[in-house]
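S.K.: With the working numbering, the residue at position 75 of the sequence shown is 103, and numbering never jumps.
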Amino acid sequence: MDVDGDRASVAIVGGNNSHLVGKDGEALDALQELTRLAVYRETGQRSRLMLDIDGYRIGRRTAATDAARGAIESVQSNGVPVELAPMNAFERKVVHDVVAESGLVSGSKGEGVNRHVVISQGSADDSE
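(1) Assign Ala36 to one of three DSSP states: helix, strand, or coil.
(2) Relative to the C-alpha of Asp52, which candidate in Val41, Arg85 and Val108 has its C-alpha closest?
(3) Taking Val108 as the reference, which of Thr90, Gly87 and Ile100 has the closest Cα?
(4) Using CA coordinates, which residue listed in Gly138, Ala113 and Arg89 is at the minimum distance from Val126?
(5) Distance, Cα to Cα, Gly140 vs Leu65?
(6) Taking all protein chains shown into account, do 16 or more other C-beta atoms lie within 10 angstroms of the C-beta of Asp94, making it buried, or fewer, making it exposed?
(7) For Val146 and His47, I'd like the C-alpha separation in whole angstroms.
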């Protein structure tokens with residue numbers, strides 16, 4: 029367990045835990061939400077706890093950061109907005125943070141599993 033800013037982070041490592049991550053991290057997301065609900069039930073306080081299993085979220089953070097940096101480079105060189113592939117809320121937040129540091133603008137478009145980030149030089153229509 030670790031604390032990053034105001035967010036507690038719990039990592040489960042070792043063994044074969046792929047079934048706890050599930051397809052595209054769906055099981056991991058569900059476990060994280062259940063863990064947050066358990067904390068809320070015991071403390072009455074909402075938790076921003078982040079659960080990771082076998083480095084899955086770290087890998088997704090790295091992939092999202094790399095995608096954001098590639099898109100930023102493209103937008104800076106040719107000025108054309110870039111739409112990234114659909115991502116979950118965690119990955120979109122990572123992208124928005126990287127884009128904000130670059131001085132460009134990002135916004136989220138789409139609904140549900142099709143929600144994705146658009147990176148541009150101008151203002152975003154729909155930010156997250």
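All C-beta atoms in this analysis are idealised placements derived from N, C-alpha and C, irrespective of residue type, glycine included.
M.R.: Judging by the given coordinates:
(1) Within the sequence shown, the letter at position 8 stands for residue 36. Strand, per DSSP.
(2) Counting from one through the sequence shown, the residue named residue 52 turns up at place 24. With distances taken between Cα atoms, Asp52 lies closest to Arg85.
(3) One-based indexing of the sequence shown puts residue 108 at position 80. If we check each option's Cα against that of Val108, Ile100 comes out closest.
(4) The residue labelled residue 126 in the question sits at position 98 within the sequence shown. Each of Gly138, Ala113 and Arg89 was checked against the Cα of Val126, and the nearest Cα belongs to Arg89.
(5) In the sequence shown, the residue the question calls residue 140 occupies position 112. In the sequence shown, the residue the question calls residue 65 occupies position 37. Taking C-alpha positions only, Gly140 is separated from Leu65 by approximately 22 Å.
(6) Mapped onto the sequence shown, residue 94 falls at position 66. By the C-beta density criterion, Asp94 is exposed, having fewer than 16 other C-beta atoms within 10 angstroms.
(7) Position 118 of the sequence shown, counted from the first residue, corresponds to residue 146. Position 19 of the sequence shown, counted from the first residue, corresponds to residue 47. Cα to Cα, the separation comes out at about 32 Å.
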